[in-house]
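Visitor: What follows is a structure written as structure tokens; I'll ask about it next.
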Amino acid sequence: MVLRMTGIRKRFPGVVALDDVDFRLLPGEVHALMGENGAGKSTLIKVLTGVYGVDAGEIELAGEPVSFTGPAAAQRAGVSTVYQEVNLCPNLSIAENILLGREPRRFGRIRWAPMRRRAEELLARLDLELDVSAPLSAQSIAVQQLVAIARALDVDARVLVLDEPTSSLDSHEVDRLLAVMRTLRDEGMAILFVTHFIDQVFAISDRMTVLRNGKLVGEYETAEITPVELVTRMIGKELATLDELEQVRPERTVREELLRAEEVGRAGGIEPFSLGIQRGEVVGLAGLLGSGRTELARLLFGADHADQGTIRVDDKPVSLRTPRAAIARGIAFCSENRKTEGLVEDLTVRENIALAVQASRGWTKPLSRKRQEEIAESSIKALDIRPANPEAKVGELSGGNQQKVLLARWLITEPRLLILDEPTRGIDIGAKTEIQKLVTRLAAEGMAVVFISAELEEVLRLSDRVLVLRDRQVVAQLDNDALTPEQIMATIADGGAE
Amino acid sequence: MIKHRLFWPTAALIVLLLGNFIAHPAFFSVELREGHLYGSLIDILRFGAPLIMVALGMTLVIATGGIDLSVGSVVAISGAIACLHLSGLENQDSLGGTAGAVGIALGLSIVLGACNGVLVSVLNIQPIIATLILMVAGRGLAQLITDGQIITVNSSPYQAIGGGFVLTLPVSILIAVAVFVLASLLVRKSALGMLLEAVGGNPEASRLAGVRSRRLIWLTYVVCGLCAGIAGLMISSNVSSADGNNAGLWIELDAILAVVIGGTALTGGRFSFAGTVIGALLIQTLSTTVYTLGIPPQTTLLFKAVVVMAVCLVQSPAFRRKLVRRRKPKPVTRARQDEKVEVSA
Ligand SMILES: Nc1ncnc2c1ncn2[C@@H]1O[C@H](COP(=O)(O)OP(=O)(O)OP(=O)(O)O)[C@@H](O)[C@H]1O
Ligand SMILES: [Mg+2]
Numbered sequence: 001m002v003l004r005m006t007g008i009r010k011r012f013p014g015v016v017a018l019d020d021v022d023f024r025l026l027p028g029e030v031h032a033l034m035g036e037n038g039a040g041k042s043t044l045i046k047v048l049t050g051v052y053g054v055d056a057g058e059i060e061l062a063g064e065p066v067s068f069t070g071p072a073a074a075q076r077a078g079v080s081t082v083y084q085e086v087n088l089c090p091n092l093s094i095a096e097n098i099l100l101g102r103e104p105r106r107f108g109r110i111r112w113a114p115m116r117r118r119a120e121e122l123l124a125r126l127d128l129e130l131d132v133s134a135p136l137s138a139q140s141i142a143v144q145q146l147v148a149i150a151r152a153l154d155v156d157a158r159v160l161v162l163d164e165p166t167s168s169l170d171s172h173e174v175d176r177l178l179a180v181m182r183t184l185r186d187e188g189m190a191i192l193f194v195t196h197f198i199d200q201v202f203a204i205s206d207r208m209t210v211l212r213n214g215k216l217v218g219e220y221e222t223a224e225i226t227p228v229e230l231v232t233r234m235i236g237k238e239l240a241t242l243d244e245l246e247q248v249r250p251e252r253t254v255r256e257e258l259l260r261a262e263e264v265g266r267a268g269g270i271e272p273f274s275l276g277i278q279r280g281e282v283v284g285l286a287g288l289l290g291s292g293r294t295e296l297a298r299l300l301f302g303a304d305h306a307d308q309g310t311i312r313v314d315d316k317p318v319s320l321r322t323p324r325a326a327i328a329r330g331i332a333f334c335s336e337n338r339k340t341e342g343l344v345e346d347l348t349v350r351e352n353i354a355l356a357v358q359a360s361r362g363w364t365k366p367l368s369r370k371r372q373e374e375i376a377e378s379s380i381k382a383l384d385i386r387p388a389n390p391e392a393k394v395g396e397l398s399g400g401n402q403q404k405v406l407l408a409r410w411l412i413t414e415p416r417l418l419i420l421d422e423p424t425r426g427i428d429i430g431a432k433t434e435i436q437k438l439v440t441r442l443a444a445e446g447m448a449v450v451f452i453s454a455e456l457e458e459v460l461r462l463s464d465r466v467l468v469l470r471d472r473q474v475v476a477q478l479d480n481d482a483l484t485p486e487q488i489m490a491t492i493a494d495g496g497a498e
Numbered sequence: 001m002i003k004h005r006l007f008w009p010t011a012a013l014i015v016l017l018l019g020n021f022i023a024h025p026a027f028f029s030v031e032l033r034e035g036h037l038y039g040s041l042i043d044i045l046r047f048g049a050p051l052i053m054v055a056l057g058m059t060l061v062i063a064t065g066g067i068d069l070s071v072g073s074v075v076a077i078s079g080a081i082a083c084l085h086l087s088g089l090e091n092q093d094s095l096g097g098t099a100g101a102v103g104i105a106l107g108l109s110i111v112l113g114a115c116n117g118v119l120v121s122v123l124n125i126q127p128i129i130a131t132l133i134l135m136v137a138g139r140g141l142a143q144l145i146t147d148g149q150i151i152t153v154n155s156s157p158y159q160a161i162g163g164g165f166v167l168t169l170p171v172s173i174l175i176a177v178a179v180f181v182l183a184s185l186l187v188r189k190s191a192l193g194m195l196l197e198a199v200g201g202n203p204e205a206s207r208l209a210g211v212r213s214r215r216l217i218w219l220t221y222v223v224c225g226l227c228a229g230i231a232g233l234m235i236s237s238n239v240s241s242a243d244g245n246n247a248g249l250w251i252e253l254d255a256i257l258a259v260v261i262g263g264t265a266l267t268g269g270r271f272s273f274a275g276t277v278i279g280a281l282l283i284q285t286l287s288t289t290v291y292t293l294g295i296p297p298q299t300t301l302l303f304k305a306v307v308v309m310a311v312c313l314v315q316s317p318a319f320r321r322k323l324v325r326r327r328k329p330k331p332v333t334r335a336r337q338d339e340k341v342e343v344s345a
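First to last, the protein sequences are chains A and B. Okay, so the first sequence: first residue is 1 according to the numbering used here, each after it adds one. Okay, so the second sequence: first residue is 1 according to the numbering used here, each after it adds one.
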């Protein structure tokens, strides 16, 4: 046994994150750690790698009791970790991020050429070709995630820990990552893998451990459990199925155009595109990594400004030079990058939820404390944010719950056009269904939605129409009558030629 | 209670005051002489008032993730221009003339703050560089105003700002209290506090949430300039003169320290005016302690530095955890085992 954790207990003020949890990891296995948002998965990992101390319990690595002082010490002992919230240096280049602290040197000076080559090799392992001297901050969250993985892969490790590494990856990158994981496993490495994608768990894992509310539910052989059983153990009851969603999608009767973009584009961001969005319509954006989905969304929101083209809202030309201008027109944009572009971690759940509404009212018209609390509490209830405490610091919430807070912020602005960039990133399977239902319901009530997700199935399930992007260009607009992921992939492959 | 963010600075202040009391039992005595309160505590408040003013303004700037190094120069300019105006008056004791001098000084301070704000928020210059410009140039400007001399004035209304008494209390204390209360109300009753903390905590997220961060940041520099201007008036009026060279020298550093001791992080985000006031009082008490304990002047700065370092250390959760870990024998042996693993790895 390469790793054994016994009787782990970890308390935070007001929450018992881990309560007497046992965990075992064998060499040469992929072990999935499963549980709902806030179940304690990331905390278990942070306890293992010394980010947090334990309140009780023992950790043994290869039979020796250990207590790491921090991730660096854990790494030296052979535990290499990719944390859920990608923790890299945005100002440094991709190559520097991958090899930080292990730069090839001669006489103390960094040798840049071998460093770039090494970084390129590591990325090639994930089938990724990038300019490794570009700064990391310019990259999408998916690329950042891949860079973090590449960094973890470079270390000679006995244990590889991956906390939701696939949350923003497309199926292609996921396949590559799973292939790399298989190779490493066959070389004898022990891999601890956290994800909310049940299909990935069954595709890759050998065994799994399920947590619920900080308690151990059990340890199972993947071959001996079904997806339905697994989910039931995770949430403690049977999951309502998604089937009803299909029927929920209503026929839209009124066709009223809310926004029209004519030849809008931005050099280096996205080629000029034209697009009309109607009230009550869900427009999905599909494309591969780097195809320009986020870039397109940011232009519609004024997060970047377009250097050509016109946007009309309600058939009147508007200038969306700033997010503020877009918000004033009833547009909302929920960024894929909750850590750097979304939440203010130091502020409370209540303040984070109220932020956009308060900002549009201006500082002289404060929302009363009572009103903020009402808003926060109803959002907490609607999205099942845990812990259900409006005064909790957002930075202390689990990843999935942070995502819900960000969603809540934009939902309460009651926008007319809601742009969702990976809104279900890191959200557990139960809550994901709820959010998908919510999107459908909002659209039925007349809200226009632009929906971006790396998960094609999700895009197809929700969208009335799908824009297919490739190489920063809109190559096709398809009406979604029974579109299949294969059709989309084919459209991407031939660049919308037909 | 230990968790409360004002616990450690308050504790440090109390310890320092008690230390003074033990050294000089008369330290806590306050007496009423000719209708005015006198005593060491009153002196601390009175001489601390300018620092409190500057530090309050600095708190706002730091909350947005910025910093203002120019406050010392603004202090000097404000005092200089007021005294210059007064010295040119026929009747220096006229209320109107004094009001004019105060108005000009504060107006100029606001303009200087606004310039800083434009450099930072519109031109996106790093705050430390942007305000360094005025820090250096401002000293020169102050000396230009005073023509390199010390301007002395003889105006009793002006002198009252820093040296007068109302209802037995020094006016400067009353001004500082009034500004503190006003600023606290303004920030917490409006949405200003929350929006500033959002901008300081995550500027990009705030921009995408529609916060007008530029305008807010600009505003904090304006307020900071105004506060420094008021402090300049207090300092110059207290001695009825303006010294372009030395007025407000190094006050920016004390102010930044006061803010940090008060629990506002230099990285921006959460801020606390109350913490800042406690921090400023701590620093002022320290200066007083140096005199009451008779510490030789050469070691004054060192003594101050040691105390400030101690306060900062006890405030750091990481440091406290280390201290506690040291005490518990078990984790130490475990740390050793940890190292063994590292070697074998
Ligand atoms: N630093 C912290 N301070 C206080 N509470 C915390 C902290 N970190 C985690 N928690 C709490 O501990 C619990 C477990 O959180 P954890 O991040 O381990 O969940 P998770 O299983 O990783 O969830 P997710 O799937 O959403 O990532 C949550 O209730 C969370 O609010
Ligand atoms: Mg997590």
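All C-beta atoms in this analysis are idealised placements derived from N, C-alpha and C, irrespective of residue type, glycine included.
1) Assign phenylalanine 333 (chain A) to one of two classes, buried (16 or more other C-beta atoms within 10 Å of its C-beta) or exposed (fewer than that).
2) DSSP three-state call for valine 86 (chain A): helix, strand or coil?
3) Tell me whether glycine 399 (chain A) counts as near ligand 3, meaning its Cβ is closer than 7 Å to at least one heavy atom of that ligand.
4) Would you say the region 131 to 141 of chain B touches the region 62 to 72 of chain B, given that touching needs at least three Cβ pairs under 8 Å?
5) Helix, strand or coil for aspartate 186 (chain A) per DSSP?
6) Note down, in chain order, each residue of its chain lying with its Cβ closer than 6 Å to the Cβ of proline 114 (chain A), except the 5 sequence neighbours on either side.
7) Could you tell me which uninterrupted beta strand (DSSP E) segments, each at least 3 residues in length, are contained entirely in the region 166 to 231 of chain A, listed from first to last along the chain?
8) Based on Cα-Cα distance, which residue from A:Asp304, A:Glu295, A:Gly330 lies nearest to arginine 312 (chain A)?
9) Tell me whether the beta-carbon of alanine 326 (chain A) lies closer than 8 Å to the beta-carbon of threonine 413 (chain A).
10) Where does threonine 440 (chain A) land, buried or exposed, given buried means 16+ other C-beta within 10 angstroms?
11) Given a cut-off of 8 Å, decide if arginine 185 (chain A) and alanine 39 (chain A) are closer than it, judged by their beta-carbon atoms.
12) Three-state secondary structure (DSSP) at leucine 128 (chain A)?
13) Just mark glycine 400 (chain A) as buried or exposed, buried being the case when its beta carbon has 16 or more other beta carbons within 10 Å.
14) Verify the CB distance criterion: does tryptophan 112 (chain A) have a CB-CB separation below 8 Å to chain B?
15) Just how far apart, CA to CA, sit aspartate 481 (chain A) and aspartate 464 (chain A)?
16) Between leucine 208 (chain B) and chain D, is there a C-beta pair that is closer than 8 Å?
17) Pull up the DSSP beta-bridge partners for alanine 310 (chain B), would you.
18) Any beta carbon from chain B within less than 8 Å of valine 147 (chain A)'s own beta carbon?
19) So leucine 177 (chain A) packs on leucine 259 (chain A), CB below 8 Å; how close in whole Å?
20) Can you determine whether any heavy atom of ligand 1 sits closer than 7 Å to the C-beta of lysine 41 (chain A), and answer yes or no?
21) So which of A:Pro272, A:His305, A:Glu336, A:Asp156 has the shortest CA-CA distance to serine 167 (chain A)?
22) Taking 8 Å as the threshold (C-beta atoms), are alanine 454 (chain A) and leucine 169 (chain A) in contact?
23) Ordered along the chain, which non-local residues of its own chain (more than five positions away) have a Cβ less than 6 Å from that of glycine 446 (chain A)?
24) If I measure Cβ to Cβ from glycine 133 (chain A) and keep anything under 7 Å in the same chain, skipping five residues before and after, which residues do I get?
25) Just to confirm my understanding: we take methionine 234 (chain B), look at its own chain, exclude 5 residues before and 5 after, and list those with CB closer than 8 Å. What are they?
26) Using a Cβ-Cβ cutoff of 9 Å, what residues of the region 168 to 179 of chain B are near chain A? List them in chain order.
27) With respect to 7 Å, is the separation between the Cβ of alanine 17 (chain A) and the closest non-hydrogen atom of ligand 1 below this value?
28) Hey, does serine 335 (chain A) have any beta-carbon neighbour from chain B nearer than 8 Å?
29) Note down, in chain order, every chain A residue with its Cβ under 8 Å from the Cβ of alanine 63 (chain B).
30) When the Cα atoms are used, what is the spatial distance from glycine 201 (chain B) to alanine 76 (chain B)?
31) Determine, using beta carbons only, whether valine 223 (chain B) comes closer than 8 Å to chain A.
32) Return the CA-CA distance between glutamine 247 (chain A) and aspartate 206 (chain A), expressed in angstroms with no decimal places.
33) For ligand 2, I want to know if glutamine 84 (chain A) counts as a neighbour, meaning its beta carbon is within less than 7 Å of at least one of the ligand's heavy atoms.
34) Along chain A, which residues have their Cβ under 8 Å away from the Cβ of alanine 191 (chain B)?
35) At what residues does the beta strand (DSSP E) containing aspartate 22 (chain A) begin and finish?
36) Straight-line CA distance for arginine 361 (chain A) to isoleucine 277 (chain A)?
Guide: The short version:
1) The residue given as residue 333 (chain A) occupies position 333 in the first sequence. Buried is the call here.
2) Working through the first sequence from its first residue, we reach residue 86 (chain A) at position 86. It is coil, neither helix nor strand.
3) Among the ligands present in this structure, namely ligand 1 and ligand 2, ligand 3 is not found.
4) The way I'd put it, the region 131 to 141 of chain B does touch the region 62 to 72 of chain B; three or more beta-carbon pairs between them come closer than 8 Å.
5) Position 186 of the first sequence holds residue 186 (chain A). For aspartate 186 (chain A), the three-state secondary structure derived from DSSP is helix.
6) The residue given as residue 114 (chain A) occupies position 114 in the first sequence. Closer than 6 Å at the Cβ level, and outside the excluded window around proline 114 (chain A), lie Pro104.
7) Fully enclosed beta strand (DSSP E) runs of 3 or longer: 190 to 194, 207 to 212, 215 to 221.
8) Numbered from 1 along the first sequence, position 312 holds the residue referred to as residue 312 (chain A). When each option's Cα is compared against that of arginine 312 (chain A), the closest is A:Gly330.
9) The count along the first sequence starts at 1 and reaches residue 326 (chain A) at position 326. The count along the first sequence starts at 1 and reaches residue 413 (chain A) at position 413. Contact flag unset, no.
10) Numbered from its first residue, the first sequence carries residue 440 (chain A) at position 440. Buried is the label assigned to threonine 440 (chain A), since at least 16 other Cβ atoms lie within 10 Å of its Cβ.
11) Residue 39 (chain A) sits at position 39 when you count from the first residue of the first sequence. Residue 185 (chain A) sits at position 185 when you count from the first residue of the first sequence. Cβ distance not < 8 Å, so alanine 39 (chain A) and arginine 185 (chain A) don't count as in contact.
12) Taking the first residue of the first sequence as 1, we reach residue 128 (chain A) at position 128. Leucine 128 (chain A) falls in the coil class under three-state DSSP.
13) Taking the first residue of the first sequence as position 1, residue 400 (chain A) is located at position 400. Under this definition glycine 400 (chain A) is a buried residue.
14) Here the question's residue 112 (chain A) lines up with position 112 in the first sequence. It does not: the Cβ of tryptophan 112 (chain A) has no partner Cβ on chain B nearer than 8 Å.
15) Within the first sequence, the letter at position 481 stands for residue 481 (chain A). Within the first sequence, the letter at position 464 stands for residue 464 (chain A). Spanning the two alpha carbons is a distance of roughly 8 Å.
16) Of the protein chains in this structure, namely A and B, none is chain D.
17) The sequence position of residue 310 (chain B) within the second sequence is 310, counting from 1. Alanine 310 (chain B) has no beta-bridge partner at all, per DSSP.
18) Along the first sequence, read from residue 1 onward, the residue named residue 147 (chain A) stands at position 147. For valine 147 (chain A), no Cβ of chain B is located within less than 8 Å of the residue's own Cβ.
19) Working through the first sequence from its first residue, we reach residue 177 (chain A) at position 177. Working through the first sequence from its first residue, we reach residue 259 (chain A) at position 259. Between leucine 259 (chain A) and leucine 177 (chain A) the Cβ distance is about 36 Å, and since that is not below 8 Å, they are no contact.
20) The sequence position of residue 41 (chain A) within the first sequence is 41, counting from 1. The answer is yes for lysine 41 (chain A).
21) Working through the first sequence from its first residue, we reach residue 167 (chain A) at position 167. Per the Cα distances, A:Glu336.
22) Position 169 of the first sequence, counting from 1, holds the residue named residue 169 (chain A). Position 454 of the first sequence, counting from 1, holds the residue named residue 454 (chain A). Cβ distance < 8 Å, so leucine 169 (chain A) and alanine 454 (chain A) count as in contact.
23) Here residue 446 (chain A) refers to the residue found at position 446 when the first sequence is read from its first residue. Arg279, Gly280.
24) Locating residue 133 (chain A) in the first sequence gives position 133, where the first residue counts as 1. A small fix is needed here, since residue 133 (chain A) is serine in this sequence, not glycine. So the list reads Ser93, Ala95, Arg116, once near-sequence residues are dropped.
25) Working through the second sequence from its first residue, we reach residue 234 (chain B) at position 234. Excluding its 5 nearest sequence neighbours in each direction, methionine 234 (chain B) has C-beta neighbours in its own chain below 8 Å: Ala49, Pro50, Met53, Ile161, Gly162, Ser172, Ile175, listed in chain order.
26) Correct list: empty, as no residue qualifies.
27) Locating residue 17 (chain A) in the first sequence gives position 17, where the first residue counts as 1. Between ligand 1 and alanine 17 (chain A), a heavy atom-to-CB distance of less than 7 Å is present.
28) In the first sequence, the residue the question calls residue 335 (chain A) occupies position 335. Yes, its Cβ sits closer than 8 Å to a Cβ of chain B.
29) Looking up residue 63 (chain B) in the second sequence gives position 63. The contacting residues do not exist; alanine 63 (chain B) stays about 11 Å from chain A at best.
30) Start at 1 with the first residue of the second sequence, and residue 201 (chain B) comes out as number 201. Start at 1 with the first residue of the second sequence, and residue 76 (chain B) comes out as number 76. Using only the alpha carbons, I get a separation of about 32 Å.
31) Counted from its first residue, the second sequence places residue 223 (chain B) at position 223. Using beta-carbon distances, valine 223 (chain B) does not count as an interface residue toward chain A, since no partner is under 8 Å.
32) Residue 247 (chain A) sits at position 247 when you count from the first residue of the first sequence. Residue 206 (chain A) sits at position 206 when you count from the first residue of the first sequence. In this prediction, glutamine 247 (chain A) has a pLDDT of 47, which is less than 50 and means its spatial position is unreliable; what the coordinates show is noted afterwards. Glutamine 247 (chain A) and aspartate 206 (chain A) have their C-alpha atoms roughly 37 Å apart.
33) Stepping through the first sequence from its first residue, residue 84 (chain A) is reached at position 84. Checking every heavy atom of ligand 2 against the Cβ of glutamine 84 (chain A), one is found closer than 7 Å.
34) For the purposes of this step, residue 191 (chain B) is taken as the residue at position 191 of the second sequence. Per Cβ cutoff of 8 Å: Gln358, Arg361, Gly362, Trp363, Thr364, Lys365, Pro366, Leu367.
35) Here the question's residue 22 (chain A) lines up with position 22 in the first sequence. 15 to 25 is the extent of the beta strand (DSSP E) around aspartate 22 (chain A).
36) Here residue 361 (chain A) refers to the residue found at position 361 when the first sequence is read from its first residue. Here residue 277 (chain A) refers to the residue found at position 277 when the first sequence is read from its first residue. Across the structure, arginine 361 (chain A) and isoleucine 277 (chain A) are spaced so that their CA atoms are roughly 27 Å apart.
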